[in-house]
Structures are given as C-alpha cells and as structure tokens.
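Heads up: the structure comes next, in structure tokens.
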Amino acid sequence: MYKEFTRDQVDASVIYDPVNGRFYRVKPWNGEKPGTECGFVSNGDGYVRVSISGSPVLAHRAAWFICAGRWPTTQIDHVNGDRSDNRIENLRVCTISENRWNSKKRVRNTSGFKGVSWDVNRKMWIAQIMANRKNYMLGRFKTPEEAHLAYIVAANRLHGEFARTE
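Listed below in structure tokens is the structure:
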C-alpha cells in the first residue's frame, strides 16, 4: 500500500521539526540549499508530500516514522483536520472509520450542519450518524439546530475523541 523506507534513507533525504511540523532538505536540490524547507501539495487533496530517495511520501506518515521509529500500519489522523499541519502533537494513529469520523462536513451539505439533512417528503430535518458500519437515525426535527444538537450528543457518545461536529 505505502512504500516504506529505511531510517538511513529518510535521514539522507529530510530533517523533520516535530514542533512546527515542517520538513527541511538534507541535500541541495533544483537550486535549493540544504536546510531549506521542502514539501509539496499535489493532487489537490491538501496533503503535504516530501521526497524520500526520489519518491513522494505523505509527510504525516514520514513524521510519524521519524518520531515513532516505525511506519504506521494503519492511518494517521490530523487531530485538527488541517491536512497540512504535520506537527507531531496534531497526529495520531487511527482506523479508517475513526479518520472519517474526524472529517469535516461535506461540501455538498445544504443544512450547514454535519449529520443533518432535509427530508423532502416529511418536510423535517433529519439527524443521522454512522458508527461501526451502522447508520443510526437520530430522529426528525423542526429546525436544523435541533437536529444538529442530536448529532453532537450521538457523535460524542459514538465517536469519542474522534468526534467532529462542525
């Protein structure tokens, strides 16, 4: 799935600052001097990548490897939801589900609230949430704010530390 490099390969390519989450070049590249910041965002996905032994690597996975001494076997979550914030305090190991729970509301969302949608047939707001491969219908409400409150309660109960309600 992800290409893994040795510690020597990583150390020969980048230096990581766990406090600010940035990476710096070890060797000159394309006119840039050693010690200058490196990393790039591609694919429009918001994730920073760094080059290790000539191959692009997700910066948050490289940061985890440098600090933990091993490549993560699952996903790495950005606690604050900012995919470019690779400070070690903002990274945590998680499952695919936990990573999704910590995602922001969808761009196509029309209610303005995560987990809330309009029931066209009944003319009411619906609150629902997914956890452990099960969809929970939380109820129908007169206002999107009421539906959102139901979502917040359920998210905190079902998603715990990975709950993101905005």
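All the letters of the sequence shown, read from the start, carry residue numbers 0 to 165 under numbering that gives the first Met the number 0.
Each residue gets a CB set at the ideal place from its N, CA and C atoms; glycine is no exception.
Helix, strand or coil: which one does DSSP assign to residue i?
i	result
S12	coil
N89	helix
V40	strand
R105	coil
G76	A quick correction: the sequence has Asp, not Gly, at residue 76. In this structure, D76 counts as strand in the three-state DSSP scheme.
E144	helix
V152	helix
A162	coil
S83	coil
W63	helix
W70	coil
E97	helix
R48	strand
R6	helix
Pick out whichever of the options has its Cα sitting closest to the Cα of residue i.
i	options	result
T94	A130, P17, V115, G43	A130
E3	I14, G38, I65	I65
G68	H77, K32, Y15	Y15
H77	S52, E31, K26, G20	G20
L157	V119, R99, R6	R99
D7	Y1, V25, K122	V25
K141	Y135, E160, V119	V119
What whole-angstrom Cβ distance do residue i and residue j have, given they're in contact under 8 Å?
i	j	result
S110	S116	6 Å
A62	N29	Between N29 and A62 the Cβ distance is about 23 Å, and since that is not below 8 Å, they are no contact.
K113	E165	6 Å
Just to confirm, is the Cβ distance from residue i to residue j under 8 Å?
i	j	result
N155	A162	yes
P71	R60	yes
R139	I125	yes
S12	S52	yes
P17	I75	no
Within a Cβ cutoff of 7 Å, which residues of the same chain sit near residue i, ignoring the five residues on either side of it in sequence?
i	result
T73	V92, C93, T94
L214	An answer regarding residue 214 cannot be provided, because it is not within the stretch 0 to 165 covered by the chain.
L137	A126, Q127, I128, A149, Y150, A153
N79	N89
Y135	Q127, I128, A153
Using a Cβ-based criterion (distance less than 7 Å to any ligand heavy atom), does residue i qualify as near the ligand SAH?
i	result
S110	Annotation note on the ligand SAH: not contained in the displayed structure, which lists no ligands.
Which residues in the same chain as residue i place their Cβ atom closer than 6 Å to its Cβ, once the five residues preceding and following it in sequence are excluded?
i	result
K104	K113
Counting only the same chain and skipping the five closest in sequence on each side, list residues whose C-beta sits under 8 Å from that of residue i.
i	result
E144	F112
G38	R21, F22, V47, R48, V49, A58
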